[in-house]
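Asker:
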Amino acid sequence: MPSAMINKDISPEPGLYVTATPIGNLADITYRAVQILKAADLILCEDTRQTAKLCAAYGIDTRRAPYHDHNAERARPGIIADLVEGAVICLVSDAGTPLISDPGFKLVRAARDAGIRVFPVPGASAAIAALCAAGVPSDQFHFAGFLPPKQGARQRLLERLANIDATLIFYESAPRLSASLGAMAEVLGPRRAVVARELTKMHEEFREDTLGALSSVYEEKAPKGEIVIVVFPPEQSAPEASDIDAFLVDALKSMSVKEAASAAAEILGIPRKEAYGRALDLKNA
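Residues -17 to 267 (my numbering) make up the sequence shown, in order.
#1: Got a sec? Which residues, its chain only, sit under 7 Å from residue 247 by beta carbon, not counting five neighbours each side?
#2: Need the endpoints of the beta strand (DSSP E) that residue 214 sits in, please.
#3: With contact counted as at least three CB pairs below 8 Å, one residue from each stretch, are the segment 206 to 216 and the segment 234 to 244 in contact?
#4: Let me make sure I understand the geometry here. Which of 38, 195, 97 has the alpha-carbon closest to that of residue 162?
#5: Could you give the distance in angstroms between the alpha-carbon of residue 260 and the alpha-carbon of residue 243?
#6: Starting from residue 73 and walking both ways along the beta strand (DSSP E), at which residues does that stretch end?
#7: Under 7 Å from any heavy atom of the ligand FAD, does the C-beta of residue 109 make it?
#8: Please go through the same chain and pick out, in chain order, the residues whose beta-carbon is closer than 6 Å to the beta-carbon of residue 129, but skip the five residues on each side of it.
#9: I'd like the ranges of any beta strand (DSSP E) spanning at least 3 consecutive residues and lying wholly in the segment 110 to 169.
#10: Mind checking residue 205: buried by the 16 CB within 10 Å criterion, or exposed?
#11: In the DSSP assignment, what are the bridge partners of residue 177?
#12: Return the chain-ordered list of same chain residues with a C-beta closer than 6 Å to the C-beta of residue 106, the five sequence neighbours on each side being excluded.
#13: Can the beta-carbon of residue 121 be found closer than 8 Å to that of residue 69?
#14: Quick one: is residue 17 buried, meaning 16 or more other Cβ sit within 10 Å of its Cβ, or exposed?
#15: Relative to the alpha-carbon of residue 191, which residue among 174, 207, 94 has its alpha-carbon at the smallest distance?
#16: Please report how far the alpha carbon of residue 26 lies from the alpha carbon of residue 67, in whole angstroms.
#17: Between residue 65 and the rest of its own chain, which residues show a CB-CB distance below 8 Å, the 5 nearest in sequence each way excluded?
#18: Fully enclosed by the segment 43 to 82, which beta strand (DSSP E) runs are 3 residues long or longer?
#19: In this structure, how does DSSP classify residue -3 when only helix, strand and coil are distinguished?
#20: Hey, would you say residue 54 sits closer than 8 Å to residue 88, going by beta carbons?
Here's what the structure looks like:
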């Protein structure tokens, strides 16, 4: 820890702190998260046994209590009452950022509705870690979480996702990986994808291929560990010549040949030289 932060008095404001924890490597936690976890009145855990390992590693002796899908309805009113009284409470998941395919949304919503401040304490996220290292377009992405286990529901969801012009990110369990990749291949076609496994751990792996090929690989040998699937966006089909001409004819009404060609190249995704030549022909026709 930086010397400027050692022995610094940390007195968090009352409220709910949505606190990210490591996804594998215990070193991937922020100084701020450790300090707030130590200073809090209570840590709400998806699994208290899992969080106990993190607390032991950093000397955090704050009281822990379970908060998960099975007890949330019963536990939430008491938690909100404590927050109203001025408690400092941290919400953590087993790994990564809470609320990303983990319980917690209803608690955050209830806290905000009660006028309680909710503080994000950012850190590790498996989805973002995979996206950053997969070498896929990252300007636009859609996080879809876990696919439904039933075949019909899974196919309907994939059909809705098929036309999204963005990278798709999924979480998946090892036993279901091959079947899920196969279902994606049927609906999304031969897109390339990256399977990111055991992120930040000793056996971290990134494997890239088409969805169908990846399904075959993992059908032969099921993997182990936590998995993120990152699917490339759909390839853009080349615009028809008639569409290019229509765009250029309209653009030439208010632009020079050079300006119209530049606009066509940027918007339609065609080579600038091709756009300029066609715009010049249309201008002289």
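Backbone N, C-alpha and C fix where the C-beta goes; we use that ideal spot for every residue, glycine too.
Answerer: The structure says:
#1: Working through the sequence shown from its first residue, we reach residue 247 at position 265. Taken in chain order, the residues that qualify are 253, 254, 257.
#2: Locating residue 214 in the sequence shown gives position 232, where the first residue counts as 1. First-last for residue 214: undefined, no H or E at that position.
#3: Verdict: no, contact absent.
#4: In the sequence shown, the residue the question calls residue 162 occupies position 180. Selection 38, 195, 97 evaluated against residue 162 yields 195 as nearest (Cα-Cα).
#5: Stepping through the sequence shown from its first residue, residue 260 is reached at position 278. Stepping through the sequence shown from its first residue, residue 243 is reached at position 261. Going by C-alpha positions, residue 260 is about 8 Å away from residue 243.
#6: One-based indexing of the sequence shown puts residue 73 at position 91. It spans 70 to 73 - the beta strand (DSSP E) in which residue 73 sits, taken as one unbroken run.
#7: The ligand FAD is not part of this structure, which contains no ligands at all.
#8: Working through the sequence shown from its first residue, we reach residue 129 at position 147. Counting only Cβ-Cβ distances below 6 Å, and skipping sequence neighbours, we find 136, 162.
#9: If one requires a minimum length of 3 residues, the beta strand (DSSP E) runs lying completely within the segment 110 to 169 are 123 to 128, 149 to 154, in chain order.
#10: In the sequence shown, residue 205 corresponds to position 223, counting from 1. Per the 10 Å Cβ criterion, buried.
#11: Within the sequence shown, numbered from 1, the residue matching residue 177 stands at position 195. DSSP, once it has assigned bridges, lists 189, 211 as partnering residue 177.
#12: Position 124 of the sequence shown holds residue 106. Counting only Cβ-Cβ distances below 6 Å, and skipping sequence neighbours, we find 2, 4, 5, 10, 78.
#13: As a position in the sequence shown, residue 121 is number 139, starting the count at 1. As a position in the sequence shown, residue 69 is number 87, starting the count at 1. Contact: no.
#14: By 1-based counting over the sequence shown, the position of residue 17 is 35. Residue environment: residue 17 is assigned as buried (16 or more neighbouring CB atoms within 10 Å of its CB, all protein chains considered).
#15: Reading the sequence shown from its first residue, position 209 is the one you call residue 191. Among 174, 207, 94, the Cα nearest to that of residue 191 belongs to 174.
#16: Numbered from 1 along the sequence shown, position 44 holds the residue referred to as residue 26. Numbered from 1 along the sequence shown, position 85 holds the residue referred to as residue 67. Taking the straight line joining both Cα atoms gives about 17 Å.
#17: As a position in the sequence shown, residue 65 is number 83, starting the count at 1. Excluding sequence neighbours, residue 65 sits near -4, -3, -2, 71, 93, 96, 98.
#18: Taking 3 residues as the minimum length, the beta strand (DSSP E) runs contained wholly in the segment 43 to 82 are 46 to 48, 70 to 73, in order along the chain.
#19: Counting from 1 along the sequence shown, the entry for residue -3 is found at position 15. Strand, per DSSP.
#20: The count along the sequence shown starts at 1 and reaches residue 54 at position 72. The count along the sequence shown starts at 1 and reaches residue 88 at position 106. Yes; because the gap between Cβ atoms is below 8 Å, this pair is in contact.
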